[in-house]
Ligand code: MG
């Protein structure tokens, strides 16, 4: 059975994952409005992935005898200065999420819960990919400038 403290920490992370899902959905709408359908489609998939994280964490909590909660989700931004600025925010956000996951591992470690540490290592590894992917797309956008935006858009449509 999972400890009360760890249950609360994971529930907070579920709230953060749901907030992330809303952030990327909002970005999807922003890009669609700008005529960048590839970016919009990529963001929609990213949003779904964050929802899947919330489901996965809730499933884990329940399996360990805990109670998963759907808490209040704060409002997300709906506008960004430019397509590049929005993606820079993706990178910044994923770096913040990495820190949240690291903090969760610390709680699991303090609670001496090996199974939860093992469960969370998957997320620690995934965050390395999330940061690298976002950084890679930001780099391509900077290299291509406005003229290269449609090329990146076509590439992101393939996700
Ligand atoms: Mg996530």
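Residue numbers (the numbering used here): 95 to 253.
Note that the Cβ used here is the ideal one computed from N, Cα and C, for glycine as well.
Best match in 137, 114, 112, 113 for proximity to residue 124 [C-alpha to C-alpha]: Minimum Cα distance to residue 124 is reached at 137.
First and last residue of the uninterrupted alpha helix (DSSP H) at residue 174: Counting along the chain, residue 174 falls outside any alpha helix (DSSP H), and DSSP gives it neither H nor E.
Extent of the continuous alpha helix (DSSP H) run through residue 247: Under the DSSP assignment, residue 247 falls in the alpha helix (DSSP H) whose first and last residues are 208-250.
Proximity test, residue 187 beta-carbon vs the ligand MG heavy atom, cut-off 7 angstroms: Flag unset: Cβ of residue 187 not near the ligand MG.
The stretch 113-128 in contact with the stretch 227-240 per 3-pair CB rule at 8 angstroms: Contact between the stretch 113-128 and the stretch 227-240 is absent, because fewer than three Cβ pairs lie under 8 angstroms.
CA nearest to the CA of residue 152, picked from 210, 221, 246: Selected option, being the one with the closest Cα: 210.
Chain-order list of residues whose beta-carbon lies under 6 angstroms from that of residue 165 (same chain, five-residue window excluded): Here the set comprises 109.
Beta carbon shell of the ligand GDP at less than 6 angstroms from a heavy atom: With respect to the ligand GDP, the structure shown offers nothing to examine, as its ligands consist of the ligand MG.
Sub-8 angstroms separation of residue 251 and residue 135 beta-carbons: Yes.
Reduced DSSP category for residue 192 - H, G, I as helix; E, B as strand; rest coil: In the three-state reduction of the DSSP assignment, residue 192 falls in the helix class.
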